[in-house]
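Undergrad:
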Amino acid sequence: MAADDRPGIIFLIGQAVEWRNMPFGLDAGLAGATFYVLTGFHGLHVVTGVILLLYMYFRSLVPGNYDRGHQGVSAVSLFWHFVDAIWIVLFLLLYLW
1058 MAADDRPGII
1068 FLIGQAVEWR
1078 NMPFGLDAGL
1088 AGATFYVLTG
1098 FHGLHVVTGV
1108 ILLLYMYFRS
1118 LVPGNYDRGH
1128 QGVSAVSLFW
1138 HFVDAIWIVL
1148 FLLLYLW
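Here the sequence shown is numbered in our numbering, starting from 1058 and rising by one per residue.
1. Assuming isoleucine 1066 contacts valine 1130 (C-beta within less than 8 angstroms), just tell me the rounded distance between them.
2. Output the distance between the C-alpha atoms of tryptophan 1137 and glutamine 1128, rounded to the nearest integer angstrom.
3. Looking at leucine 1069 and valine 1104, is the spacing between their C-beta atoms short of 9 angstroms?
4. Would tyrosine 1112 pass as a contact of valine 1146 if the rule is Cβ separation under 9 angstroms?
5. Looking at the structure shown, is leucine 1118 part of a helix, part of a strand, or coil, going by DSSP?
6. How should leucine 1110 be labelled, buried or exposed, when 16 other C-beta atoms within 10 angstroms of its C-beta is the threshold for buried?
7. By the DSSP assignment, the alpha helix (DSSP H) with tryptophan 1137 in it spans what residues?
8. With DSSP as the reference, label glycine 1071 as helix, strand or coil.
9. Exposed or buried, what is phenylalanine 1139 when buried is set at 16 or more other beta-carbons lying within 10 Å of its beta-carbon?
10. Taking Cβ positions, are phenylalanine 1092 and leucine 1151 nearer each other than 9 angstroms?
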């Protein structure tokens, strides 16, 4: 497993534990639904990022795969950093506000 995938996988495990132990559900009105939808969509993007990072990692194991450029690596890196930045915003809105 690539080192860059571990934080995403740990995040997803933490999110699953958090969802399981929440004192409210999806049916807890607008606030509950908003929480689950926002964190759920973010989790979906984290899953996508982990899959893309694993794909780039396994591609890098084949000699010569990146001889013609690294646009895919740059694109996946930008996606992953965007997902990180969105989590900062969600954390501020959902947990600290």
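Even glycine gets a Cβ: it sits at the ideal position worked out from N, Cα and C.
Note that the coordinates shown come from a computational prediction; the quantities given were computed from them, not determined experimentally.
TA: Looking at the atomic coordinates:
1. With a Cβ gap of about 20 angstroms, isoleucine 1066 and valine 1130 do not count as contacting.
2. 14 angstroms
3. yes
4. no
5. coil
6. buried
7. 1128-1148
8. helix
9. exposed
10. yes
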